[in-house]
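Enquirer:
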Amino acid sequence: MFSEDRLAGYPLRQSLLAGAKGLQIFANRGVVDWMSRPDRYLVLCEGRGGRIYAADECALEEAQQMVRDAHGAKVVMRKPEIHTYVDLDLDALVEPVMFLRIKSPHAYAKDILAELSGREARILEKDMQRYELIVRAEGRLANLMGLTRKIGSLACGSAAIWIWLHRYERAMAASSPGVETWDPTSCTNGSP
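Here it is, written out as structure tokens:
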């Protein structure tokens, strides 16, 4: 399903650097490895720094908070990145595609569907149940960044959203293999 890279299941990544007061943090692997929750994220030592590997945006935020709680200002976090790679079988750059499921009261259905449309998510199923809408969809991770918060805001906290990595597929836009950076503070429509 994914590349032979054992970390391909973690499409969001963020470099961690030791600040002046935290140079010893990454010298001892055990100091960061204990923070990992393999079902959601990994925190690994890499050279003089470390890196967060996260399964989705919520897992990344959870890992960021864990690192902040454990090390405070001793660790500097770079901008998060979306993992891409060249698939040798396809001879093409591939990017993560996420599957999502949203459950929301009917009152917010129109706004939520408009938000998904604006982010170019492909609706696979809409199920209008008695009291709520259930939506199943898929979309490029780059387009879905910030969606959890946006849906929470649109539905006044009454919606539930689940997002997970579905597959990697041919990248829509040309970019260099490795990572695509995005600025979480500039996510108005989810695009980087």
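Residue numbers (my numbering): 159 to 350.
By construction, the Cβ of each residue, glycine as well, lies at the ideal position given by its N, Cα and C atoms.
Report buried or exposed for P169, applying the criterion of at least 16 other Cβ atoms within 10 angstroms of its Cβ.
Expert: Buried, because 16 or more other Cβ atoms sit within 10 Å of the Cβ of P169.
Enquirer: With a Cβ-Cβ cutoff of 8 Å, do E273 and K308 count as a contact?
Expert: The answer is yes: Cβ separation under 8 Å.
Enquirer: Does DSSP put S173 in a helix, in a strand, or in coil?
Expert: In the structure shown, S173 sits in a strand (DSSP, three-state: E or B).
Enquirer: Answer yes or no: do V255 and G297 have a C-beta to C-beta separation smaller than 8 Å?
Expert: Yes; because the gap between Cβ atoms is below 8 Å, this pair is in contact.
Enquirer: Is it buried or exposed for D247, if we count other Cβ within 10 angstroms and need 16 for buried?
Expert: Classification for D247: exposed.
Enquirer: Do three or more CB pairs link the stretch 318-329 to the stretch 258-270 at distances below 8 Å?
Expert: Contact between the stretch 318-329 and the stretch 258-270 is present, because at least three Cβ pairs lie under 8 Å.
Enquirer: DSSP beta-bridge partners for C203?
Expert: Paired residue(s): G208.
Enquirer: Classify M159 as helix, strand or coil using the three-state DSSP reduction.
Expert: Because M159 sits at a pLDDT of 47, beneath the cut-off of 50, its placement in the model cannot be relied upon, and the following sentence gives the value as read from the coordinates. Note: M159 maps to coil in three-state DSSP.
Enquirer: So for E278, helix, strand or coil by DSSP?
Expert: Coil at E278, not helix or strand.
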